[in-house]
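Counting in full-length UniProt numbering, the sequence shown runs from 1 upward without gaps.
No residue lacks a Cβ here, since even glycine has one placed at the ideal position from N, Cα and C.
Computed from a predicted model, the values in this text were never measured in an experiment.
Working notes, structure below.
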Amino acid sequence: MYGAKEEDIILYGQSVGSGPTTDLAARLPNLRAVILHSPILSGLRVMYPVKRTYWFDIYKNIDKIPLVNCPVL
């Protein structure tokens, strides 16, 4: 990421932006931290009261957050 060490990077995502942020954080194991401001559980759960994650849900934050290895605020 433009010469920055992964250990020095803090990701930030707000609302719908928490989807790409969580996805990236799940792929990068050595981040400094992740800040999720008003995150969504999933894209589909914003619109419908479903209890599970479907394959076509574009933001699966609820399933990806356990894969994040750094501190999360």
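Around residue 28, the same chain offers 6 as residues with beta carbons nearer than 7 Å, after the five sequence neighbours per side are excluded. Residue burial is scored here from C-beta neighbours: residue 15 has fewer than 16 other C-beta atoms within 10 angstroms and is therefore classed as exposed. Under the three-state reduction of DSSP, residue 50 is assigned to coil, being neither helix nor strand. Distance from the CA of residue 36 to the CA of residue 55, rounded to the nearest whole angstrom, comes to 23 Å.
The Cβ neighbour count for residue 18, taken over all protein chains shown within 10 Å, is at least 16; the residue is labelled buried.
Here the alpha carbon of residue 60 sits roughly 27 Å from the alpha carbon of residue 4.
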